[in-house]
Amino acid sequence: MPFLSGLETMKHPTENIFHAATRDEAALRAALEEADIVPAALVLVHLTGDLAILDEMRPHIQGGWNYMEKVPEPLRRRIRERLVSVLKEKAADPSLPALPPPDVLHRIMSASVGAQMPPEYVPLFVEELGLAQGDPRALRWRRDPAPLGLADFRVLIAGAGLSGICAAVRLKQAGIPFVILERNETVGGTWHENTYPDCGVDTPSHFYSYSFNPNPQWSRYFAKRDEIQQYIEDTTDKFGLREHIRFGVSVQSARLDEESGLWLVHSVDRDGRAQAQACNVFITAVGHNVPATPRIEGLRDFRGEVVHTAKWDPAIKLDGRRVAMIGTGASGMQAGPALAPKVEKLTIFQRSPHWAMGNPNYHRAVPDGQKWALRHIPYFNQWARFLIFWAASDSFHDSLFIDPDWSQPDISLNAKNHQMRENILAYMREQLGGDEALMRKCTPGYPPYGKRLLRDNHWFATLKRPNVELETDAIARVTADGILTRAGKLHEVDAIVMATGFHASKLLWPMEIIGRGGRSIRERWGDDDPRAYKGMSVPGFPNLFVLAGPNTILSHGGSAIFHSECQVTYILQAIREMVERNLRTLEVRRDVHDRYNQQIDERHRNMVWAHPGVTSWYKNKHNRVTMTSPWRLVDFWSLTREFDPDDYLCTTAAPYAAAA
6 MPFLSGLETM
16 KHPTENIFHA
26 ATRDEAALRA
36 ALEEADIVPA
46 ALVLVHLTGD
56 LAILDEMRPH
66 IQGGWNYMEK
76 VPEPLRRRIR
86 ERLVSVLKEK
96 AADPSLPALP
106 PPDVLHRIMS
116 ASVGAQMPPE
126 YVPLFVEELG
136 LAQGDPRALR
146 WRRDPAPLGL
156 ADFRVLIAGA
166 GLSGICAAVR
176 LKQAGIPFVI
186 LERNETVGGT
196 WHENTYPDCG
206 VDTPSHFYSY
216 SFNPNPQWSR
226 YFAKRDEIQQ
236 YIEDTTDKFG
246 LREHIRFGVS
256 VQSARLDEES
266 GLWLVHSVDR
276 DGRAQAQACN
286 VFITAVGHNV
296 PATPRIEGLR
306 DFRGEVVHTA
316 KWDPAIKLDG
326 RRVAMIGTGA
336 SGMQAGPALA
346 PKVEKLTIFQ
356 RSPHWAMGNP
366 NYHRAVPDGQ
376 KWALRHIPYF
386 NQWARFLIFW
396 AASDSFHDSL
406 FIDPDWSQPD
416 ISLNAKNHQM
426 RENILAYMRE
436 QLGGDEALMR
446 KCTPGYPPYG
456 KRLLRDNHWF
466 ATLKRPNVEL
476 ETDAIARVTA
486 DGILTRAGKL
496 HEVDAIVMAT
506 GFHASKLLWP
516 MEIIGRGGRS
526 IRERWGDDDP
536 RAYKGMSVPG
546 FPNLFVLAGP
556 NTILSHGGSA
566 IFHSECQVTY
576 ILQAIREMVE
586 RNLRTLEVRR
596 DVHDRYNQQI
606 DERHRNMVWA
616 HPGVTSWYKN
626 KHNRVTMTSP
636 WRLVDFWSLT
646 REFDPDDYLC
656 TTAAPYAAAA
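Note that my numbering has the sequence shown beginning at 6, numbered continuously upward.
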């Protein structure tokens, strides 16, 4: 029997979803021995309504991660035995359980994470997990769209990465005509392009996936690049999207035709042929994937090979050679430990250190029993997703705010943030074997979460290797044979690896987007001050929606896919408004846009990313935070749940009224 997500379960109420779990009782029992006990208990509570088991478990649970529970073995055995019995009963009488009322769900959820979860999360999780009947994120037409000219409506998406594919699934589901222009030869976007050694995700795999297409078969708790790319390919095929994608086509520019309200999108295909096509709605889903290479004097004089992690050359041979790696961010922390055992010497050039913390699951394979339970036991996948969602997102959001009365404001924000700092330092000291010289080099001078907290990919162990040197002196220039520091030390190397990230602040670059009055979005934003309403809509650019736009990056945790789903829900409702009301344009009101961005700025002033000790691409040259989202995930979900046409100037055949 194929895996049924919660959404699919409710679409097939006559199908006995319990047979897959009970058909082989020995397999069920063996799986439960390996499977996480908390989601198993939550399935039991869901099916029976018996909350007593939660009261017994709660004292033994300290958080949502599966390593944060210490449920005693006798209690574990009772849960397993009763769950087997209940599943067998349900196989004989397969009626689906009623969804518990919100107050009961709140109690269930709070007990299972060992904390009092705010009640506003309950409707979010009911939707995210598909616990209610139907697909809550599917667009529901209020009028039959066929007589309204839906067949002639066109949406164009730039990019077939995770967010573009998300939009495509929902557009196809709603019957809205669309096409995706993708510059690469397949889907995946950043995950297709990034192939550097040990490339992977730092969000838990079971959360880094679409709610409408969960993957119960992840091989690792934190998947590597190839498996993520395959997941995107499989999703594309499952939902029949390839026929809508034009591969090898790069969007160059888009210009608004003010008379018709259409966008004219100009592109170039793989053979250099220029093309243009019109659309009612233009969605950019290009992400942050233009490599950033620092301007270093003499780099062109280097006689060896230079490769960027974002444009990795699989033919490059680094084994047994002297290699320099510039950058110690996310890509460097993944690539460095993979390169170190193979090269003669690895010299790592660090401009500033990053906070990095270990996670017991980061290098773990998912046990077969856990995968079996995720695939076969009804509701197990949903409750496991809930636990990891909470653990990896908002459970510590309150630690990101500056306490004005805090006694150590230079190194931490508040008591909770300071305790996190102490915990990370203790972990680092243990990993570095008490090497105080390395500790000094590796300790950031800003509070935890000032930059995204990285996962330790054996980074600290790598720094202790005899063939690895961490150089913290600034680079003066590159010579023909190596890299010279400002202190005058020459590091002779055969190859240079640039682990220097992307041009993240240059959103939509190098595309040229021209809106009303012939004004480009680059003129409106400048080089580094992008602003948008809810990260998507910009005054003067009607019918344009930006996925992964300004102030939508999640730096405290969460999943970029979740944010994409929230934005796509909002955009689909905007399109519904256009079709049902025969609108020519939808343009966010200037006052609405400005008020929202004022809220963003006010909130950021009291958060970690605005801390004076933090220097990052999250902030522009005026120290305004332009990239990260200040919101909890539940806040952004609430902001994007319903499209309000009153926030927009709407035009049909009437003359256009200029933005206020």
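Idealized CB from N, CA, C, for every residue including glycine.
Local conformation of Gln67 per DSSP, three classes: coil
Same chain only: Cβ atoms within 6 Å of Thr590, ignoring 5 sequence neighbours per side: Gly266, Pro547, Asn548, Thr656
Element boundaries [beta strand (DSSP E), containing Thr490]: For Thr490, the uninterrupted beta strand (DSSP E) run begins and ends at 487 to 490, by DSSP.
Minimum length 4: unbroken alpha helix (DSSP H) runs contained in the stretch 163 to 250: Listed in chain order, the complete alpha helix (DSSP H) runs (minimum 4 residues) inside the stretch 163 to 250 are 167 to 179, 195 to 198, 230 to 243.
Residues bridged to Pro296 (per DSSP): Phe507
Identity of the residue in Glu302, Leu559, Gln282, Lys229 nearest Ser634 by Cα: Of Glu302, Leu559, Gln282, Lys229, the residue nearest in Cα terms is Leu559.
Sufficient close CB pairs (3 or more, under 8 Å) joining the stretch 379 to 395 to the stretch 472 to 492: no
Cα-Cα separation between His508 and Gly54, rounded to whole angstroms: 51 Å
Sheet register partners of Trp268 (DSSP bridge): Leu261, Cys284
Pair within 8 Å by beta-carbon distance, Leu638 and Phe567: It is a contact, given that the beta carbons lie within the stated cut-off.
Three-state secondary structure (DSSP) of Tyr451: coil
Cβ pair count under 8 Å reaching 3, the stretch 561 to 577 against the stretch 244 to 251: no
Option in Arg608, Ala137, Arg83, Tyr226 with minimal Cα separation from Lys376: Tyr226
Ile321 to Asn556 span [Cα, whole Å]: 37 Å
Per-residue burial, Gln121 [other beta carbons within 10 Å of its own, 16 or more giving buried]: Note on Gln121: under 16 other CB atoms within 10 angstroms of its CB, so exposed under the neighbour-count rule.
Sheet register partners of Phe675 (DSSP bridge): Residue 675 is absent from the structure shown; the chain starts at 6 and stops at 665.
His293, buried or exposed, once every other Cβ within 10 Å from all chains shown has been counted against 16: buried
Of the listed residues Leu144, Pro123, Ser255, Ile501, nearest to Asp306 (C-alpha basis): Per the C-alpha coordinates, the member of Leu144, Pro123, Ser255, Ile501 positioned closest to Asp306 is Ile501.
Beta bridge counterpart(s) of Val551 as assigned by DSSP: Thr289, per the DSSP bridge assignment.
Neighbour-count burial assignment, Gln413, 16 or more Cβ in a 10 Å radius: exposed
Length at least 3, wholly inside the stretch 340 to 368: the beta strand (DSSP E) runs in chain order: 350 to 354
Cβ distance (whole Å) where Gln222 is taken to contact Arg380 below 8 Å: 7 Å
Under 8 Å between C-beta atoms of Gly506 and Gly341: With respect to Gly341, Gly506 sits apart: the two C-beta atoms are not nearer than 8 Å.
Helix, strand or coil at Val483 [DSSP, three-state]: strand
Beta-carbon proximity of Leu110 to Phe391, cut-off 8 Å: no
Residue environment, Ser100, which counts as buried when at least 16 other CB atoms sit within 10 Å: exposed
Backbone CA spacing between Glu647 and Lys539 [nearest angstrom]: 12 Å
Limits of the unbroken beta strand (DSSP E) element including Glu497: 495 to 497
Cβ contact (3+ pairs, closer than 8 Å) linking the stretch 364 to 376 and the stretch 573 to 581: no
Coarse secondary structure for Leu458, derived from DSSP in three states: coil
Same chain, Cβ closer than 7 Å to Val630, five either side skipped, listed in chain order: His609, Trp614, Ala615, Tyr623, Lys624
Integer Cβ distance of Gly69 from Ala396, believed to fall under 8 Å: 3 Å
Neighbourhood of Val312 by C-beta distance below 8 Å, restricted to the same chain and skipping five residues each side: Asp318, Ile321, Ala500, Ile501, Val502, Met503
Beta carbon of Ile181 nearer than 8 Å to that of Ala173: no
The stretch 261 to 279 contacting the stretch 525 to 536, beta-carbon criterion three pairs below 8 Å: Judged by Cβ distances under 8 Å, the stretch 261 to 279 makes no contact with the stretch 525 to 536, as fewer than three pairs qualify.
Bridge-paired residues (DSSP) for Ile331: Ile331 is bridged to Phe354, Met503.
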